[in-house]
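What follows is one structure encoded as structure tokens, with my remarks underneath.
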Amino acid sequence: MRKTCRVMLRDQVFSARRGDILLDAALANGVDIPHDCRSGHCRSCRVRVLDGVAIGGECGELGAVRACQTRIMSDLRLEIEGLPKIQTAVGEVRAIKKRARDIIEVAVAPLQPVTYLPGQYLRVQFRGYPARCYNPTASMEELREREFLHFQIQRVRGGRVSTAIGSDIREGHRVKLQGPYGLAFLRPGSMKRLVLVAGGAGFAPVWSIAVAAIKEHQSRNIVMVVGARSIECLYMINALCMLARYPNVTIIPVVGTPQNLSTTIRIGSIADHIPELSPEDAVHACGPPRLVEAVSKIAAATDAPCYCIPFSPQYADERAPSRLLNWFNDVKQYPIVAEGVSRHSGPRRAQARAAC
Ligand code: FES
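Mapping the sequence shown onto this note's numbering, position 216 (from 1) lands on 319, and the numbers just tick up by one.
This is how it looks when you write it as structure tokens:
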């Protein structure tokens, strides 16, 4: 009998030894399975076994097991319980707004419903252009608006897609949407304090998570540490003020260059302004890889779960969240719960770099 088994989870594949605990093996290979207690109680690690044999951790539903309690006994094909199915939809651009010097927001009206969890991303293909991965986010003006998918896109010099937005890509342009992907989403039902850290266009997924968390529980304890290079780049400041009206929301804006506008806005590195963490927190870090890595290390030192969405210019011409496999390898000593848009989600990691 073979000692090594092949485990397939959505679009990810890893090898594990026969008899390994599924969750441990997945995390050790940089593959995220949503989890919390790791002791069999919370059921947040439930997966469905589509093919193969796993022993232990049964949930009382046919094929469903708790990954932290089940052992791999053969090759497995798995699906994570509760994740929206990957689907394809079409839509059209309804509005384009310039948010900062190099951040554009595109509102897309899908012609079919698109289901995703806050923090997940979609493959977005404007007709005639290559597909890119972007996180849909909530409106920054109206928290209840659900008609459009809002994408905040960093304009990259020479970028084939981002430079066409507003010129060739205009209102009415057709868009193909595929997804959702990614595991760095807001865990529903949790009342842990949320510590949301974003640099630059990494604000989009963090905003999506914050708005969903507040809709779920208006008294949710949330700390948002949001940074940009300069005061002019803090394009989200009005949205942050809107969220600050909720009783347990703390906003910490940070800029890299000195400013005299307000003492509320802190100066320096985003990671230096993260509050003290504990295992009772849930941290989401989104933005440039250096920031995400710094936050993930801080979270790991305190055993706080950290879900990371590193954005990198993986596609040569666009700054999109990407699954930074090398980087994942560097940090896989931490439980991995995530991936970056192009593979984001997961526990612990960070990316940084102020934004626009
Ligand atoms: S039951 Fe809580 S992580 Fe598995």
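Cβ coordinates follow ideal geometry from the N, Cα and C atoms, glycine included.
Cβ contact check for the segment 388–395 and the segment 297–308: 3 or more pairs under 8 Å: yes
C-alpha gap between Val259 and Ile175, whole angstroms: 44 Å
Proximity of Ala128 and Arg151 at Cβ, strictly below 8 Å: no
Proximity of Ala385 and Lys295 at Cβ, strictly below 8 Å: yes
Helix, strand or coil at Cys336 [DSSP, three-state]: helix
Neighbourhood of Ile268 by C-beta, 7 Å cutoff - its chain only, sequence neighbours within 5 removed: Ile199, Ile207, Val209, Ile256
CB of Arg197 within 8 Å of CB of Glu274, strictly: yes
Option in Lys318, Tyr410, Glu383, Gln190 with minimal Cα separation from Thr218: Gln190
Euclidean distance between Cα positions of Leu186 and Pro378: 30 Å
Ala119 in three-state terms, based on DSSP: strand
Between the CA atoms of Ala316 and Lys188 - distance to the nearest angstrom: 22 Å
Pair within 8 Å by beta-carbon distance, His276 and Phe306: no
Beta-carbon proximity of Leu286 to Ala313, cut-off 8 Å: no
Residue span of the beta strand (DSSP E) that contains Ala203, given as start and end: 190–203
Residue closest to Asn534, alpha-carbon to alpha-carbon, out of Ser242, Gly222, Arg263, Pro291: Summary: the structure shown does not reach residue 534, with the chain confined to residues 104 through 459, and so no result is reported for it.
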